[in-house]
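Engineer: Each residue of the sequence shown is one higher than the last, beginning at 130 in this note's numbering. Think of the CB as a built atom: it goes at the ideal place given N, C-alpha and C, for glycine as much as any other residue.
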Amino acid sequence: MFRSIHIRWFMKRSYRMSKNTNTAASTPATVALPAPPPVDYSSWSKEDLIAKISELEHKTSPTTSTTSVSTPETKHKSKKQKQFDWSKHNLRFVALRFAYLGWNYNGLAYQFEPTPLPTVEETILKTLSKIKLIPEPIDQVDFSRCGRTDKGVSAMNQVISIKLRSNMTPEEQQDSSNDDKEIDYLTIINANLPADIKVHSICLHPPPDFDARFSCKNRHYRYLFKSSNLDIDAMNKAAELYQGQHDFRNFCKLDGSKQITNFERFIYSSKIIHLENDLYCFDLIGTAFLWHQVRCMVAVLFLVAQRLEKPEIVTDLMDITKYPTKPQYEMANDIPLVLYDCEFPPMEWKQFDNAHKFNRIMNGFKGMCYDLSIKTKMSSVMEDLVFKDQPQATAAPTNTVPLGDGVGRAFAKYTPLANRERTDSYEIINARWMAKKEFKRSTNE
């Protein structure tokens, strides 16, 4: 790519040189020379073009000769960008509540290693840094997140706590009557965020010792799906069995780097809700969740809804005497999952108070929603056309495991969870990771 950029630059430069040569030839001179014929660079090989570029770069590079050459001063000298002096500004601790559509992002959390897609936090933090609302590095701003979501997962009421630049003194910040004099955070931030991430409220006065992660009382997830001839009653019966304090080691993906040994989690509410027409959702409220826990819980519910497992399989999988390790099964698709809400102690959330400003800032978001709605309608029209007058199955196929993606996974013969291969225990996975870590440490010494 670097070479192709130089090749395009060389061809444009050569064209300008040829054009200037023709102009100079029209100026009266002692001897008039014909303009050189244009060079057909399209026939040159890449190696020849690169060689020519190197020749031109050598000719145009600054000379090291001591001979004094008078050149006119450049009228517009490039100015160095003035450094932002953070010592002249105060910070204030706030909580931001925001929503995002997750399918364009590599999850919520900022990653220090390269990712195929940007993360939501990376996008937000880069925006805050760009508009000079936070200094760098980030460890100066007391950053904390509420609920971590994975790649493809969305959120409607995600919360982060962070210190932002303020135009008031710490004493003035304490007085809520000064809130209207503060920086218009919602407008400035949303004006610079992409359409699929929006901060919809801010708390300028969080409770003492507030932390977005540890102050959260519970997290509320929803997983959307279409009924598609699923047994909703059996699915709901199985969902209710999740309620209470249980060991969810068989409903998550084990990660040795986290060294987790406690898999007990408390579920306040777990049920299937009918939203509209054939659209349903798995509605789940709990204190905290393990990695991929919700998607694993949904996957087992789909097996029950397809009548491939009994509702009691949920209770069995939470009994570590029956299932000390997890049977291998595929978890549900990521796109239908949303962190619907996060509950905190009473807080004063401030939203947009200027309708004109709000509508102007949200134009991009409205345009995105319009685009998605038109695409949805267009897909529906195409679906009606493609399936019109085509032979239809009288019932849904029973040799497919639903995964929440509208397609599922076909099988020739279903293998019950009780008869499947098991993953390694968390003790083995943790020990294996620690051994690799120790080996890397010893080889680097």
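1) Straight-line CA distance for Leu254 to Phe339?
2) With 16 as the cutoff for other CB atoms within 10 Å, does His218 come out buried or exposed?
3) Buried or exposed for Leu162, going by 16 or more other Cβ atoms inside 10 Å?
4) Jot down the residue ranges of each uninterrupted beta strand (DSSP E) in the stretch 394 to 475, minimum 3 residues, whole runs only, in chain order.
5) Looking at Arg274: is its Cβ nearer than 8 Å to the Cβ of Ala224?
6) Given Arg538, which residues of its chain have a CB within under 7 Å of its CB, disregarding the five upstream and five downstream residues?
7) What is the DSSP secondary structure of Asp376, counted as helix, strand or coil?
8) Look up Ala224 in the DSSP assignment and say whether it is helix, strand or coil.
9) Please identify the residue among Leu220, Pro266, Thr316 whose C-alpha is closest to the C-alpha of His485.
10) Could you tell me whether the Cβ atoms of Val249 and Ile326 are closer together than 8 Å?
11) Quick one: Cα of Asp463 to Cα of Gly281, how far?
12) Alpha carbon to alpha carbon, how far is Tyr397 from Gly415?
13) Mark Thr298 as exposed unless 16 or more other C-beta atoms lie within 10 angstroms of its C-beta, in which case mark it buried.
14) If distances are taken between C-alpha atoms only, which option among Pro264, Thr505, Ile490 comes closest to Ala320?
15) When you compare the CB positions of Val423 and Leu413, do they come within less than 8 Å of one another, or not?
16) How is Val530 classed by DSSP in three states: helix, strand or coil?
17) When the Cα atoms are used, what is the spatial distance from Asn573 to Gln457?
18) Return the residue from the list Ser330, Glu242, Asp362 that minimises the CA-CA distance to Val433.
19) Quick one: Cα of Pro266 to Cα of Arg221, how far?
20) Between the Cα of Asp360 and those of Glu393, Thr454, Glu438, spot the shortest distance and give me the residue it belongs to.
21) Kindly indicate which three-state DSSP category Arg549 falls into: helix, strand or coil?
22) Would you decide whether Val515 is buried or exposed? Buried here means 16 or more other CB atoms lie within 10 Å of its CB.
23) For Tyr350, which of Asp482, Val510, Leu468 has the nearest alpha-carbon?
24) By DSSP, does Arg561 sit in helix, in strand, or in coil?
25) CA-CA distance, Leu333 and Ser258?
26) Beta-carbon within less than 6 Å of Thr454's beta-carbon, same chain only, minus the 5 sequence neighbours each way: which residues are those?
27) Buried or exposed: Ser571, going by 16 or more other Cβ atoms within 10 Å of its Cβ?
28) How about Tyr580 and Pro264: are their beta carbons less than 8 Å apart?
Structural biologist: Put simply:
1) 20 Å
2) exposed
3) Per-residue confidence for Leu162 stands at a pLDDT of 48, beneath the threshold of 50, marking its modelled position as unreliable; the derived number appears in the next sentence. It is exposed - the Cβ of Leu162 has fewer than 16 other Cβ atoms within 10 Å.
4) Here the runs fully enclosed are 408 to 415, 466 to 472.
5) no
6) Glu459, Thr529, Val530, Leu532
7) Strand at Asp376.
8) strand
9) With distances taken between Cα atoms, His485 lies closest to Thr316.
10) yes
11) 5 Å
12) Their Cα atoms are separated by approximately 5 Å.
13) exposed
14) Ile490
15) yes
16) strand
17) Cα-Cα distance, rounded: 36 Å.
18) Asp362
19) 16 Å
20) With distances taken between Cα atoms, Asp360 lies closest to Glu438.
21) Look at Arg549 here: in three-state DSSP terms it is coil, with no helix or strand label.
22) exposed
23) Comparing alpha carbon positions, the residue from Asp482, Val510, Leu468 closest to Tyr350 is Leu468.
24) helix
25) 19 Å
26) Arg551, Thr552, Ser554
27) exposed
28) No statement about residue 580 is possible, as the shown extent of the chain runs from 130 to 574 and does not include it.
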